[in-house]
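Novice:
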Amino acid sequence: MHKRILIVILLLYSRIFAFAQDTIKVVQPTQIVEGDTIALVDVAPVIIFPPAVFQSKKASARYNKLVYNVKKVYPYAKLAGKQLAVYKSIMDTIPTEKARKIFIKKSEKELQQQFGDEIKDLTFSQGKILIKLIYRETGNSTFDIVRQLRGSFTAFIWQTMAKIFGYNLKANYDPAGEDAAIEQIVLMIEAGAI
Numbered sequence: 000m001h002k003r004i005l006i007v008i009l010l011l012y013s014r015i016f017a018f019a020q021d022t023i024k025v026v027q028p029t030q031i032v033e034g035d036t037i038a039l040v041d042v043a044p045v046i047i048f049p050p051a052v053f054q055s056k057k058a059s060a061r062y063n064k065l066v067y068n069v070k071k072v073y074p075y076a077k078l079a080g081k082q083l084a085v086y087k088s089i090m091d092t093i094p095t096e097k098a099r100k101i102f103i104k105k106s107e108k109e110l111q112q113q114f115g116d117e118i119k120d121l122t123f124s125q126g127k128i129l130i131k132l133i134y135r136e137t138g139n140s141t142f143d144i145v146r147q148l149r150g151s152f153t154a155f156i157w158q159t160m161a162k163i164f165g166y167n168l169k170a171n172y173d174p175a176g177e178d179a180a181i182e183q184i185v186l187m188i189e190a191g192a193i
């Protein structure tokens, strides 16, 4: 008899707890088309890259080296784009030219301490790719960025020094032409394909 009473009590409590639970309703956006209700779903675009075909082992090795170099410097270019936007917004709030110069010097010193050794360890090819990727991220050449932040004379000096070592701070980024391979690698990095 006690077992039956215990079973009835448990069944009653289980029904009470079942009714006490809150239910979450998920409302799916829909659209009615010709009398049919169709769910609206956002789907991220998918980029499909054709397999790379090389004419020789040397071309394959050169492409693999380019992939390595782009993967190494791309995070620096992304960071440069973000930091530049932050610095420009801060500089817009600084009222005097002297205060701006102090801010730039301080920021430059902080960046030098944080990334100076890593940037100095980049190879020649990685440096050229970084200059192009900074253009891709900011929409401005490295020369223009230096000119905006430090002035025309300083930009001229840096461009002259860069030319001596084989770089061009005025280099543009051409994703459909000369830099198509770099653009494809960057898109693959962003898509998580490599």
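Just so we're aligned, residue 0 is where the sequence shown starts under numbering that gives the first Met the number 0, counting upward by one.
The beta-carbon is built from N, C-alpha and C at its ideal position, and this holds for glycine as well.
1) In three-state terms, what does DSSP make of residue 161?
2) Out of curiosity, what's the CA-to-CA distance linking residue 122 and residue 91?
3) Taking 8 Å as the threshold (C-beta atoms), are residue 151 and residue 170 in contact?
4) Only counting runs of 4 or more residues, tell me where the alpha helix (DSSP H) segments fall wholly within the segment 130-191, in order along the chain.
5) With DSSP collapsed to three states, give me the class of residue 30.
6) Could you tell me the alpha carbon to alpha carbon distance between residue 134 and residue 118, rounded to whole angstroms?
7) Given a threshold of 16 other Cβ atoms within 10 Å of its Cβ, counted over all protein chains shown, does residue 67 qualify as buried or as exposed?
8) Can you tell me whether residue 30 is buried or exposed? The criterion is at least 16 other CB atoms within 10 Å of its CB, across all chains shown.
9) In terms of DSSP beta bridges, what is residue 38 paired with?
10) Would you call the CB atoms of residue 27 and residue 38 closer than 8 Å?
11) Answer yes or no: do residue 145 and residue 153 have a C-beta to C-beta separation smaller than 8 Å?
12) I'd like to know whether the C-beta atoms of residue 129 and residue 76 end up nearer to each other than 8 Å.
13) Whose C-alpha, out of 126, 64, 49, 113, is nearest the C-alpha of residue 165?
14) Using 8 Å as the threshold, is the C-beta distance between residue 168 and residue 73 below it?
15) Buried or exposed, going by whether 16 or more other CB atoms sit within 10 Å of the CB of residue 184?
16) Would you kindly work out how many angstroms separate the C-alpha atoms of residue 158 and residue 143, rounded to a whole number?
Specialist: Result, derived from the coordinates:
1) The three-state secondary structure of residue 161, taken from DSSP, is helix.
2) Near 35 Å, if we compare the C-alpha coordinates of residue 91 and residue 122.
3) When the beta-carbon positions are compared, residue 170 and residue 151 stay at least 8 Å from each other.
4) Counting whole runs of 4 or more residues, the segment 130-191 contains the alpha helix (DSSP H) stretches 141-149, 151-163, 179-190.
5) Shown here, residue 30 sits in a strand according to DSSP, grouped into three states.
6) Cα to Cα, the separation comes out at about 17 Å.
7) An exposed status is given to residue 67, since fewer than 16 other beta-carbon atoms sit within 10 Å of its beta-carbon.
8) Residue 30 comes out exposed.
9) BP columns for residue 38 point to 29.
10) Cβ distance < 8 Å, so residue 27 and residue 38 count as in contact.
11) Yes; because the gap between Cβ atoms is below 8 Å, this pair is in contact.
12) Yes; because the gap between Cβ atoms is below 8 Å, this pair is in contact.
13) Of the candidates 126, 64, 49, 113, the residue whose Cα lies closest to the Cα of residue 165 is 126.
14) Judged by beta-carbon spacing, residue 73 lies beyond the 8 Å limit of residue 168, meaning their Cβ atoms are not closer than that value.
15) So residue 184 ends up on the buried side.
16) Whole-angstrom Cα-Cα distance: 10 Å.
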